[in-house]
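Using the UniProt record's numbering, you'd call the opening residue of the sequence shown number 1 and step up by one each time.
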Amino acid sequence: MWSTFIVSLKSNLRDRSALFWLIIFPIALATMFNGVFGNLDKAMSITPVSVAVVEDSNWDNAVDASTLISALSGEQKNPKTANNSRGAVTGDIKVDVKLLDTTAVQSTAQAQEQLAKNKVDGYISADDKGRMSLTISSDTAAKATNGTQEAGLDVSLDALDNVIGQYNRTSATVLAVLKDNPTAAMAQSFWQGINSAAGGTREISLTNFKPSAMARYYYALMGMACLVAMSYMIYTVTTSQANLSALGIRRTVAPLGRAKQLVAGFLAGWLCTSVSLLIALAYIRYGCGIEVGGRDGLAVLAVIIASFMTCSLGTMIGAIPKLTAGVKQGLSTAIACSLSLFSGLYGGFAMDLSDVITRKAPILAAINPAQQVTNLFYSLMYYDSYQPFIQTCAILFAMSAVFLTAGVIMLRRQRYEHL
1 MWSTFIVSLK SNLRDRSALF WLIIFPIALA TMFNGVFGNL DKAMSITPVS VAVVEDSNWD
61 NAVDASTLIS ALSGEQKNPK TANNSRGAVT GDIKVDVKLL DTTAVQSTAQ AQEQLAKNKV
121 DGYISADDKG RMSLTISSDT AAKATNGTQE AGLDVSLDAL DNVIGQYNRT SATVLAVLKD
181 NPTAAMAQSF WQGINSAAGG TREISLTNFK PSAMARYYYA LMGMACLVAM SYMIYTVTTS
241 QANLSALGIR RTVAPLGRAK QLVAGFLAGW LCTSVSLLIA LAYIRYGCGI EVGGRDGLAV
301 LAVIIASFMT CSLGTMIGAI PKLTAGVKQG LSTAIACSLS LFSGLYGGFA MDLSDVITRK
361 APILAAINPA QQVTNLFYSL MYYDSYQPFI QTCAILFAMS AVFLTAGVIM LRRQRYEHL
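Laid out in structure tokens, this is it:
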């Protein structure tokens with residue numbers, strides 16, 4: 001049996017077609033994903049905007065504007081504010097991401113000169129009523145419109161515009177209230193209400209960590225590569241059938257029983273599949289930077305479990321009677337490509353279709369091997385609990401049991417009148 005395992009292992013390693021689809025193809029497709037979609041995360045992130053701050057006589061009318069600009073520049077993370085008009089306008093500022101790179105100038109003319117020389121992206125100034133405004137150059141506007149030139153600039157400008165707009169609204173509200181009711185400044189509840197209203201939007205994480213926006217495509221690719229790997233077991237099973245090859249005839253009359261031959265071939269195929277998919281996973285993880293939330297050990301376990309399932313499926317397809325080896329290999333490729341559509345591999349439409357099936361017809365998603373393989377990695381990325389991962393592993397083990405049982409039944413019923 002050990003000799004059969006070694007021979008099967010060598011046969012798998014000499015199969016250039018299988019090695020291409022299991023190693024070269026996932027790496028090539030992942031590289032393409034990385035080249036096409038690699039900047040999407042940066043495009044949705046905030047990058048500092050270079051601005052000139054006009055600190056003229058009008059700037060003094062903008063209450064607490066210097067504190068706000070300092071916070072957005074990363075110079076003042078969480079200042080202690082008093083219950084006065086200055087603290088009320090900006091609130092308890094806490095900025096986790098640097099939004100501005102500032103340069104102080106004394107007049108609008110100086111700011112416009114810096115803008116004309118492309119030393120800054122824009123400038124911030126205040127009018128005689130203390131209202132701040134942002135002016136950007138035409139080049140900056142063009143870069144923001146075409147996000148490929150400077151990733152994240154459009155997001156940063158939107159965030160900056162929102163902050164300045166909130167400052168102006170809060171300042172106008174405070175001044176209007178104090179004009180009508182000067183004694184409101186004496187009430188603690190008034191300043192608390194102003195600060196609460198100026199709180200803005202806070203980012204929170206609903207997942208175990210912040211995954212890449214494109215992670216789903218990479219792990220849908222792993223689902224397809226896993227199903228393609230069933231070719232190893234199809235080859236092993238077909239070469240043990242006397243009606244399909246001369247090698248099958250020799251194996252049929254060999255002293256070693258068919259069961260032991262198939263077990264040795266199954267173990268060799270499982271090992272080759274696991275190693276091939278681990279190489280693809282390592283490239284996705286370290287070459288493309290797609291993380292699984294610090295659960296790399298469980299990701300390796302996921303690959304091993306997925307490999308066992310696909311070898312079981314390959315055993316069942318390989319055992320189908322009255323089909324040639326070429327037809328069985330073609331059938332395995334068709335199954336892998338078709339099921340990958342419903343797991344979301346082929347772009348945004350496929351991802352939307354996968355989500356709809358998961359919500360509206362969860363049973364169809366549960367019986368899709370490609371979807372369950374991708375779910376192994378989703379459960380590691382998107383959940384704090386290990387329960388979804390364990391549940392997906394149980395589904396794959398149940399699939400494996402069904403596939404192996406069907407394959408064994410078909411193989412046991414195969415008899416030959418003559419060799």
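Note that beta-carbon positions come from the ideal geometry of N, C-alpha and C, so glycine has one too.
As the structure is a prediction and not an experimental result, all values here were calculated from the model.
Residue pairing by DSSP puts residue 123 in a beta bridge opposite 52 and 135. Secondary structure at residue 100: strand, using DSSP grouped into helix, strand and coil. In this model, residue 306 and residue 218 are separated by some 15 Å (Cα to Cα). Of the residues assessed, residue 28 falls on the exposed side of the cut-off, its CB having fewer than 16 other CB atoms within 10 angstroms.
CA-to-CA, the gap between residue 57 and residue 113 works out to about 19 Å.
Shown here for residue 319: same chain residues with a beta carbon closer than 7 Å to its own, the five before and five after excluded, namely 237, 407, 410 and 411 in chain order. In this structure, residue 163 places its C-beta atom within 8 Å of the C-beta atom of residue 72. Rounded to the nearest angstrom, the Cβ distance from residue 316 to residue 403 is 4 Å, consistent with a contact under 8 Å. Residue pairing for residue 228: DSSP places it in no beta bridge. The three-state reading of DSSP puts residue 63 in coil, since its state is none of H, G, I, E or B.
In the displayed model, residue 105 falls within a strand according to three-state DSSP. Along the region 330-359, the alpha helix (DSSP H) does not occur as any fully enclosed run of 4 or more residues. By the Cβ test, the region 333-352 is not in contact with the region 286-303, since fewer than three Cβ pairs between them sit closer than 8 Å. Nearest to residue 15 by alpha-carbon distance, out of 106, 290 and 231, is 231. Apart from sequence neighbours up to five positions away, the residues of its chain that approach residue 375 with a beta-carbon distance below 7 Å are 392, ordered along the chain. At the C-beta level, residue 223 and residue 373 come within 8 Å of one another.
Judged by DSSP in its simplified three-state form, residue 154 adopts helix. Distance check between residue 26 and each of 284, 168 and 110 places 284 closest, using alpha-carbon atoms only. The three-state reading of DSSP puts residue 323 in coil, since its state is none of H, G, I, E or B.
About 7 Å separates the beta carbons of residue 332 and residue 314, which is inside the 8 Å limit, making them a contact pair.
With 16 or more other Cβ atoms inside 10 Å of its own Cβ, residue 12 counts as buried. DSSP places residue 296 inside the alpha helix (DSSP H), whose first and last residues are 296-318. Excluding residues up to 5 positions away in sequence, 124, 125, 126, 127 and 164 lie with their Cβ nearer than 8 Å to the Cβ of residue 133 in the same chain.
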